[in-house]
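Heads up: the sequence lines are chains A and B, in that order. In terms of the numbering used here, the first sequence opens at residue 54 and continues consecutively. In terms of the numbering used here, the second sequence opens at residue 2 and continues consecutively. Note that CB positions come from ideal geometry on N, CA and C, so glycine has one too. For reference, the structure is listed below as structure tokens.
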Amino acid sequence: MPESPTGLLDLRSLRGRAPRGGSGATASVTAPTAPTDHTDHTDHTSGPAAVDTVGFADPPTLGRRPAVVAPRASAGRRVLDLATRAARSSVAILALLALWEVAPRVGLTDPVFLPPLSTVLVAFGDLATSGELATHVAASLGRAAAGFAIAVSVAIPLGILIGWYKPVAELLNPILELFRNTAALALLPVFILVLGIGETSKIALVVYACSFPVLLTTITGVRTVDPLLVKSARSLGLSPVRLFRHVVLPAALPTIFTGVRMAGAASILVLIAAEMVGAKAGLGYLITYTQFNFQIPKMYAGIVVIALVGVTINGLLLTLERRFSRWRTASV
Amino acid sequence: MTTTTPSPPPKLRFEHVHKEFSVRAAGRGRGARTAFTALDDFTLDVPAGEFLTVVGPSGCGKSTLLDLLGGLTRPTSGRILLDGEPITGPGLDRGVVFQQYALLPWRTARANVEFGLQAKGVGRKERAALADEHLELVGLAGFADRYPHELSGGMKQRVAIARSLAFDPEVLLMDEPFAALDAQTRESLQDELLRIWRATGKTIVFITHGIDEAVYLGQRVAIMTPRPGRLQTVRTIDLDRSGDDVRSTARFGRLRHEIWSALHADATSTAASAATSAATSDAGDPTPAADVSPRELEASRA
Chain A
54 MPESPTGLLD LRSLRGRAPR GGSGATASVT APTAPTDHTD HTDHTSGPAA VDTVGFADPP
114 TLGRRPAVVA PRASAGRRVL DLATRAARSS VAILALLALW EVAPRVGLTD PVFLPPLSTV
174 LVAFGDLATS GELATHVAAS LGRAAAGFAI AVSVAIPLGI LIGWYKPVAE LLNPILELFR
234 NTAALALLPV FILVLGIGET SKIALVVYAC SFPVLLTTIT GVRTVDPLLV KSARSLGLSP
294 VRLFRHVVLP AALPTIFTGV RMAGAASILV LIAAEMVGAK AGLGYLITYT QFNFQIPKMY
354 AGIVVIALVG VTINGLLLTL ERRFSRWRTA SV
Chain B
2 MTTTTPSPPP KLRFEHVHKE FSVRAAGRGR GARTAFTALD DFTLDVPAGE FLTVVGPSGC
62 GKSTLLDLLG GLTRPTSGRI LLDGEPITGP GLDRGVVFQQ YALLPWRTAR ANVEFGLQAK
122 GVGRKERAAL ADEHLELVGL AGFADRYPHE LSGGMKQRVA IARSLAFDPE VLLMDEPFAA
182 LDAQTRESLQ DELLRIWRAT GKTIVFITHG IDEAVYLGQR VAIMTPRPGR LQTVRTIDLD
242 RSGDDVRSTA RFGRLRHEIW SALHADATST AASAATSAAT SDAGDPTPAA DVSPRELEAS
302 RA
């Protein structure tokens, strides 16, 4: 465990936040002893059950409820914890943003090609108030969501078939290997030629790019289900369908979700590229259009929006994943 | 060879059960296969309510025997009768407890116990009640909402036992259930199991490689020898278990030694025969029971 590195980072971030006053100031006062304390507390709150079941493992406490006496952090303590954690995770970003603002102003970069952050934010504000931004975001998200949804609903069942039935795998594997190793963007011209320059080709490209991560992780997930769980379920006389629903699918779900998250990232990635080539709306279009028209701050605003959209999608999928696999980290 | 109880019909009857697997023939090129006898002419009756332990070294066909009982594989010849009916597949009239617990990690202890009941088609309300009742039976009343990863090895095995008892099987089959536990936990679970057995009156077939465990738990001990897996002898355990530390009594020691001698005598003789057969090249790598189940699974998937 990276206990000491986190401790160091913790210290540094606390110092960084000190001038902001309030909780930051108190934190910096307690800083020398704080780091180890903090890690301790997070450990306890995340897994009190695991800790005390070890102690109360067997006979002596048969049938007795274990005394759950995980040390509870006081409310103030917890706020402080949260504040330091927020500081620790945002310090690098804040530094980057500061650099962005300062570098063009002091002449480290050409302010025309890399305008300071504040200029970009103004452009961002203009885009947002004019409604232009909403149009582009909606166009992009609509395409990404459609392609993503189609990919997931096709790739998961297909992956299950391939993972579970050997003959299907033998039949489809060569084709899958071939397509998997063909970069999605290399096929963009083909998609446009065959499906036209409209929505269909863009959504199709997203479907293509999203399918493979989901497909491959689903195959792995289904194949790596603990054989003992299958054997035990079979010994109960479970029908194949119920075996699947109650054992194989839940066991494979965490692995499948990894692929779904990768697909989420891929959907935006290829879509932006597709929109750069041929579109009348969308974030990719916004970026190329503003570049050609030398509206550099707007271009950067578009890039920032794409980054934010990507982070948001990943966050949403992570939350969903946690909901589905709560049993892995759940405490009582 | 067999110790039949004449008057009541046996709960379980093994009739000349024989099981062969086709395994890769070592050193005979790719694709060459040879028959490996995992279980040879196994004949035994188990009366209702008996606690039978099966002891033997690894590779003696214990686990194959259990897979056959569980209906996960079929004998090459011979048959197994449960209440006079031949076993043709898995079913809820037998409950299996595995060494590695086989709990579903995404289900709480209660939901794991309910799993078998779900398979049986028991209604939701009744399911919860039965699960709680059986968790209490195994001493886990307060742990119903815990996930397996929040339980110790001993507790997990208790949940597994509760799961197998909850759907009320005729026979409980246990495949070295305590082998992965530490000595103290094992002893306490052995006592728990005896208590549960007395309380429920189930017929139990308990497979182990521990002689102590076999003697301590079983009313009878079936001693098996490897290559091929054979039933060597069945020893009735006439042990007074009312005392405090049964394991240190002279009687226990004698019984233990008898079984040890039976296994040992056989081990030396098979070692000798293995040495001679190695010369004729067929000893190879026997890849016994442990390797068999995954392959069987593969077969069922294909």
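Q) Tell me, which residues are paired with residue 41 of chain B by DSSP? A) Its beta-bridge partners do not exist; DSSP assigns none.
**Q.** Touching by the beta-carbon criterion (3+ pairs, under 8 Å), the region 180–194 of chain A and the region 319–335 of chain A
**A.** yes
(Q) Below 8 Å on C-beta distance, what does residue 300 of chain A contact in chain B? (A) 105
Q: Would you give the residue range spanned by the alpha helix (DSSP H) that residue 20 of chain B belongs to?
A: Where residue 20 of chain B is concerned, there is no enclosing alpha helix (DSSP H), although the beta strand (DSSP E) it sits in stretches over 13–25.
Q. Got a sec, what are the start and stop residues for the beta strand (DSSP E) residue 172 of chain B sits in?
A. 172–176
Q) With C-beta atoms as the reference, is residue 15 of chain B less than 9 Å away from residue 44 of chain B? A) yes
Q: Anything in the region 116–143 of chain B with a Cβ closer than 8 Å to a Cβ of chain A? List those residues in chain order, please.
A: 116, 117, 119, 120, 137, 140, 141, 142, 143
Q) According to DSSP, which residues form a beta bridge with residue 225 of chain B? A) B:232
Q: Kindly list, in the order they appear in chain A, the residues whose Cβ is closer than 8 Å to that of residue 71 of chain B.
A: 288
Q) How big is the Cα-Cα spacing for residue 117 of chain B and residue 52 of chain B? A) 23 Å
Q: Kindly provide the ranges of any beta strand (DSSP E) runs that are 3 or more residues long and lie completely inside the region 150–218 of chain B, ordered along the chain.
A: 172–176, 204–209
Q: Go ahead and pull the three-state DSSP assignment for residue 110 of chain B.
A: helix
Q. Between which two residues does the alpha helix (DSSP H) harbouring residue 79 of chain B extend?
A. Not the alpha helix (DSSP H): residue 79 of chain B falls in the beta strand (DSSP E), residues 78–83.
Q. So is residue 295 of chain A in contact with chain B if we call contact Cβ pairs under 9 Å?
A. yes
Q. Residue 181 of chain A to residue 255 of chain A, Cα distance in whole Å?
A. 25 Å
Q. Taking three-plus beta-carbon pairs below 8 Å as touching, is the region 77–96 of chain B in contact with the region 232–246 of chain B?
A. no
Q: With distances taken Cα to Cα, identify the nearest neighbour of residue 212 of chain A among A:308, A:352, A:369, A:356.
A: A:308
Q) So which of B:240, B:227, B:222 has the shortest CA-CA distance to residue 234 of chain B? A) B:222
Q. Interface residues of chain A around residue 158 of chain B at Cβ under 9 Å?
A. Neighbours of residue 158 of chain B on chain A: none; closest Cβ ~10 Å, over 9 Å.
Q.
Do residue 229 of chain A and residue 310 of chain A count as a contact pair if the criterion is CB distance below 9 Å?
A. no
Q. Do the region 204–216 of chain B and the region 177–191 of chain B touch if we need at least three Cβ pairs shorter than 8 Å?
A. yes
Q.
Using the three-state DSSP reduction, which class does residue 86 of chain B fall into: helix, strand or coil?
A. strand
Q. Which residue comes first and which comes last in the beta strand (DSSP E) that contains residue 96 of chain B?
A. 95–98
(Q) Only counting the same chain, and skipping five residues up and downstream in sequence, which positions put a Cβ closer than 8 Å to that of residue 200 of chain B? (A) 138
Q | Residue burial classification, residue 210 of chain A (beta-carbon count within 10 angstroms, cutoff 16) | A | exposed
Q. Whole-angstrom Cβ separation of residue 184 of chain A and residue 320 of chain A, contact assumed at under 8 Å?
A. The pair is not a contact, with the Cβ atoms about 24 Å apart (cut-off 8 Å).
(Q) Looking only at its chain, what residues have a beta carbon closer than 7 Å to the beta carbon of residue 121 of chain B, apart from the 5 residues adjacent to it on each side? (A) 93, 168
Q) Whose CA, out of A:138, A:218, A:313, lies closest to the CA of residue 377 of chain A? A) A:313
Q) CB-CB under 7 Å to residue 147 of chain B, same chain, minus the five flanking residues each way: which ones, in chain order? A) 109, 110
Q: Have a look at residue 166 of chain B and residue 158 of chain B and give me their C-alpha separation to the nearest angstrom.
A: 12 Å
(Q) Can you give me the C-alpha to C-alpha distance between residue 219 of chain A and residue 272 of chain A, rounded to a whole angstrom? (A) 11 Å
Q: State the DSSP-derived secondary structure class of residue 89 of chain A, mapped to helix, strand or coil.
A: Residue placement at residue 89 of chain A is poorly supported in this model, since its pLDDT is 39, which falls under 50; the coordinates are not used for a value here.
Q. Among the residues of its own chain, which have a CB less than 8 Å from the CB of residue 175 of chain A, if the five just before and after it don't count?
A. 350
Q: Taking only beta-carbon positions, decide if residue 371 of chain A is within less than 9 Å of chain B.
A: no
Q.
Quick check on the burial criterion: 16 or more other C-beta atoms within 10 angstroms. Buried or exposed for residue 88 of chain B?
A. buried
(Q) Which residue marks the beginning of the alpha helix (DSSP H) containing residue 265 of chain A, and which one marks its end? (A) 252–276
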